[in-house]
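Q: To start, I am sharing the structure in question, which I have written as structure tokens.
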Amino acid sequence: MAENRRARSGQTAKTAAPRSSSRRGPEHAARAACESLERLICHAAEGVSAVRRKDDGWCVVVDVLEVPRIPDTTSLLASYEVQIDERGELMEYSRVRRYRRGSADE
């Protein structure tokens, strides 16, 4: 019955166009950056604070727990800029900031 109504009103079901494997989105870039960085520096990623599109891929800023402490607010974290190419392969990374968990940006 619903099919008949749809056919009469001229509506068709929309299907998502498959995404090209050569151009993946920011979610893929963030995931690839976290996984690659964790393997290289042996520290757990806490999250992603920025993703920027570049001509040859992505620049992802990954926040990493470097020194866990008790209480947790005194733990040391770092932000790494990770360059990822179109396929999600790591091109380079560098630590750009180190800070205490409870501190605010100035």
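Numbered per our numbering, the sequence shown spans residues 18 to 123. Just so you know, even glycine gets a beta-carbon here, dropped at the ideal spot from N, CA and C.
1) How would you label residue 74, buried or exposed, when you count the other beta carbons within 10 angstroms and need 16 or more for buried?
2) Would you mind reading off the limits of the alpha helix (DSSP H) that contains residue 51?
3) Give me the residue from 61, 56, 47, 57 with the minimum Cα distance to residue 83.
4) According to the Cβ coordinates, are residue 66 and residue 80 closer than 8 Å?
5) For residue 102 and residue 94, I'd like the C-alpha separation in whole angstroms.
6) Shortest alpha-carbon distance to residue 98 belongs to which of 42, 119, 47?
7) What does residue 84 pair with, by DSSP beta-bridge criteria?
8) Measure the C-alpha to C-alpha separation of residue 119 and residue 91 and round it to an integer number of angstroms.
9) Should residue 121 go down as buried or exposed, given a rule of 16 or more other Cβ atoms within 10 Å for buried?
10) Could you check whether residue 77 and residue 96 sit closer than 8 Å to each other, using their CB atoms as the reference points?
A: According to the structure data:
1) Along the sequence shown, read from residue 1 onward, the residue named residue 74 stands at position 57. Result: buried.
2) Translated into positions along the sequence shown, residue 51 becomes position 34. Note, residue 51: alpha helix (DSSP H), 43-58.
3) The residue given as residue 83 occupies position 66 in the sequence shown. The candidate whose alpha carbon is nearest that of residue 83 is 61.
4) The sequence position of residue 66 within the sequence shown is 49, counting from 1. The sequence position of residue 80 within the sequence shown is 63, counting from 1. Yes, they are a contact pair.
5) Numbered from 1 along the sequence shown, position 85 holds the residue referred to as residue 102. Numbered from 1 along the sequence shown, position 77 holds the residue referred to as residue 94. C-alpha separation (whole angstroms): 25 Å.
6) Reading the sequence shown from its first residue, position 81 is the one you call residue 98. Checking every option, the nearest Cα to that of residue 98 belongs to 47.
7) As a position in the sequence shown, residue 84 is number 67, starting the count at 1. Residue 84 is bridged to 93.
8) Along the sequence shown, one-based indexing puts residue 119 at 102. Along the sequence shown, one-based indexing puts residue 91 at 74. Answer to the nearest angstrom: the Cα atoms are 7 Å apart.
9) For the purposes of this step, residue 121 is taken as residue 104 along the sequence shown, with counting starting at 1. If you draw a 10 Å sphere on the C-beta of residue 121, you find fewer than 16 other C-beta atoms in it, and that means exposed.
10) Within the sequence shown, the letter at position 79 stands for residue 96. Within the sequence shown, the letter at position 60 stands for residue 77. Not a contact, by the Cβ cut-off of 8 Å.
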